[in-house]
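Q: First the structure, which I've put down as structure tokens, then a few questions once you've had a look.
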Amino acid sequence: MKILRTSLAAAGVLALSLVAAQAGKPAYEIVDGGIAVSLTGKPGDPAAGKVTLADRKLGNCLACHVVSDLSDLPFHGEVAPPLDGVADRYDEAQLRLLLVDSKKVFEGTIMPAFYKSEGFNRPLDKFEGKSILTADQVEDVLAYLLTLKEQ
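What follows is the structure, encoded as structure tokens:
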């Protein structure tokens, strides 16, 4: 009986620690091919999103995409579609899902999941349990992408 109580107590502590580990990361729900609700509960900042998108240690979107609005920056990639006019091709919910986990939309894509923090194969210890972007950064990049309409 004592072993059973100890085992149940240990299982309870483990379950609580797992819940606590995820508590700091906002949850999201995928509905109809998108995430309709902001990860932060507030709109992102397009100016901050532009910086994050171009930053090689954060979004690094220019490694694969061309963005004419950032033509003053070098090394635009040609692997992925241009982001010019992306706000005309996708709605806000679809773009948010593409940023959070593009593989939910395009299974074979090489685009990273910017808000995924688990399910990776052997990540370095310093990256264990961490996403590339925070919820605020995802919303900021989204706000910037929503400004990229066909001219």
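Sequential numbering of the sequence shown, starting at 19, is according to the working numbering. All C-beta atoms, glycine included, are put in the ideal place defined by N, C-alpha and C.
1. Report the option in 118, 158, 153 and 157 whose CA atom is closest to the CA atom of residue 51.
2. Going by the beta-carbon positions, is the gap between residue 72 and residue 114 smaller than 9 Å?
3. Does residue 95 come out as helix, strand or coil in the three-state DSSP assignment?
4. Alpha carbon to alpha carbon, how far is residue 45 from residue 158?
5. Report yes if the CB atom of residue 149 is closer than 9 Å to the CB atom of residue 75, and no otherwise.
6. Under the DSSP definition of a beta bridge, which residues are partnered with residue 159?
7. Any contact between the segment 138 to 146 and the segment 76 to 90? By contact I mean 3 or more CB pairs, one from each, below 8 Å.
A: On the basis of the supplied data:
1. 118
2. no
3. coil
4. Distance between the alpha carbons of residue 45 and residue 158 is about 17 Å.
5. no
6. None; residue 159 has no bridge partner.
7. no
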